[in-house]
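In the UniProt record's numbering, the protein residues as written are 1 to 335. Just so you know, even glycine gets a beta-carbon here, dropped at the ideal spot from N, CA and C. Note that this is a predicted model, so its numbers are computed, not measured. Presented below is the structure to which this report refers.
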Amino acid sequence: MNAELDLLVRLGDYDRPQGVAERAVQAEELGFDRITVGETTGWNIVPPLTLAADRTDELGISNDVISPYGRTPSMLAQTALTMQAAADGRFRFGIGPSSPAITERWHGQEFDRPLRRTREVIEVMRNVYEEGNPAYDGEIFDIAGLGYERGPSENPPPIDVGTLGPKATEMAGRFGDGWAPQMFTKDGLRDRLEDLERGAELGGKDLSDLRVAPIVRGIASEDREAAREKARGTVAFMLGAYGPYYGNSVAEQGYPDVVEEIRAAWDDRDTDAMAAALPDEVLDELAFAGTPDEVREWLEEYAAIEGVDAVRVGFVDGMSEDDKRTTMEAVADLS
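What follows is the structure, encoded as C-alpha cells:
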C-alpha cells in the first residue's frame, strides 16, 4: 500500500494518559507511521501526546481535531509549538470548526461563524510561527500583539484541518497543510477532493502539497459477523446521535433515507433499531469490518483513491484488547 498508516486512538479507552503512550509504542513496533488522538470533553490532549512522543523515536504525533473555541489562537500556537519540540519535529497540529454541542455546552461559547473563526485561528497561529507575534486584525480576532518569547520558529508543525462540507473543505485546502475528513464513501471522498484542490489553488498550492489523511473506523476479526455488528452500531450512532454534520454529509453522498431512518430511531433512543437501519451496502461504504483479509482489501482500495496520502485507522465501540491487537496487526501488514 502506497499510503501511510495512521492509528487513531480514543482517549476514553484508557485509565491513565500513560496508556496512550503504551499504545504509541505498540503502533511504532507494528510499523504504523503516525498516532493521532481527538479532544472533545475528556482529557486534554497534551499530556498523553507528550508521553507518546517521549516514548517513541520515529512515530509521527498528531491530534484530531481541536476546537477553535476552547483556546485562544495564541494558546493554540503555543500548544502546537510545544508539542513540536516535545516530538522532535514529528508533530502535526489538527483543527476543525467543531460543533454546536461542544462549543456551546462544553466551552460555553456561541457557535458563531465557525469557518471564519477556524481560518482566523490558523492565520494567527502562522503569525506566531513566522513572525513570533500573534498581531492580527480580523473580523473575529483583534490582537494588538505581544512577542512570543521563543521568537519565530524554524520548523513549525503543519496544520491539518478536519472538515466535511464543500466550502469548509475549500477553506482547508486554502489555509491548511493537510486535510483529515471522515465518514466519506470512496465516491464521496473523490468528489470532495475537488473542493480541496480548488482551495489549494486559491492558496497558491497544489493538491500534492497537502497531506490528505481520511479517517476510517473498523475492526478485523475471524468472527466476521460479530465484527460487522460492532462496526454497524458505531457507524449508526455516529450518523444519528453525533449531531447533524456526519448524518447530513452521508445523506448528501446518496443515502438520505438511511440517515432519516437512523435519526428516527435515535429520537426514541433505540440503538438496536439504529443499527438495524444501516444496510450492509452503507456499512461497507463507510467502515471496514470483517476478516483480516477483507479488512486489508478494503483499506487497499480506499488508500488507492487518487490524492490520498494516508489512512487514519480508528477502532469501533465494544472492542476488546484482543480485537484491537488483531485489527492493528491485520492493518500493519499493509505497511
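- Under DSSP, Leu-146 shares a beta bridge with no residue.
- Considering only Val-316, Val-250, Pro-73, Leu-299, the residue with the shortest C-alpha distance to Asp-309 is Leu-299.
- Residue pairing by DSSP puts Asp-137 in a beta bridge opposite Asp-142.
- Under the three-state reduction of DSSP, Asn-127 is assigned to helix.
- Annotation for Ile-122: Ile-95, Ile-159, Val-161, Phe-175, Gly-176 place their beta carbon closer than 8 Å to its own, counting only its chain and skipping 5 residues before and after.
- The continuous stretches of alpha helix (DSSP H) do not include Ile-45, and DSSP gives it neither H nor E.
- DSSP places Arg-113 outside both helix and strand once states are collapsed to three, so it counts as coil.
- In summary, Lys-167 is exposed, with fewer than 16 beta-carbon neighbours lying within 10 Å of its beta-carbon over all protein chains present.
- When DSSP reads this structure, Leu-8 sits in a beta bridge with Thr-36, Gly-314.
- For Val-20, the enclosing alpha helix (DSSP H) starts and ends at 17-30.
- Here Phe-91 carries a strand assignment [DSSP, helix/strand/coil].
- Under DSSP, Val-161 takes part in a beta bridge, and its partners are Ile-95, Trp-179.
- When secondary structure is reduced to three states using DSSP, Val-295 falls in the helix class.
- A direct Cα-Cα distance of roughly 41 Å separates Glu-285 from Ser-153.
- Counting along the chain, the unbroken beta strand (DSSP E) around Ala-220 starts and ends at 215-220.
- In the displayed model, Gly-290 falls within a strand according to three-state DSSP.
- Under the 8 Å Cβ criterion, the region 113-122 does not count as touching the region 44-51, having fewer than three qualifying pairs.
- If the five residues before and after Glu-131 are omitted, its C-beta is found closer than 8 Å to the C-beta atoms of Pro-152, all from its own chain and listed in chain order.
- Val-212 is bridged by DSSP to Trp-179.
- Under a 10 Å Cβ-count criterion, Pro-214 is classified as buried, with 16 or more other Cβ atoms of the shown protein chains found around its own Cβ.
- Annotated three-state conformation of Ile-61 is strand, per DSSP.
- Ile-66 sits in a strand when the DSSP states are folded into three classes.
- For the 7 Å CB-CB criterion, Thr-36 and Asp-6 form a contact.
- Excluding the 5 residues flanking it on each side, Leu-278 has same chain C-beta neighbours closer than 7 Å at Arg-232, Val-235, Ala-236, Val-258, Ile-262, in chain order.
- In terms of Cβ geometry, Gly-147 and Gly-173 do not form a close pair [threshold 7 Å].
- Ala-273 and Asp-267 have their C-alpha atoms roughly 11 Å apart.
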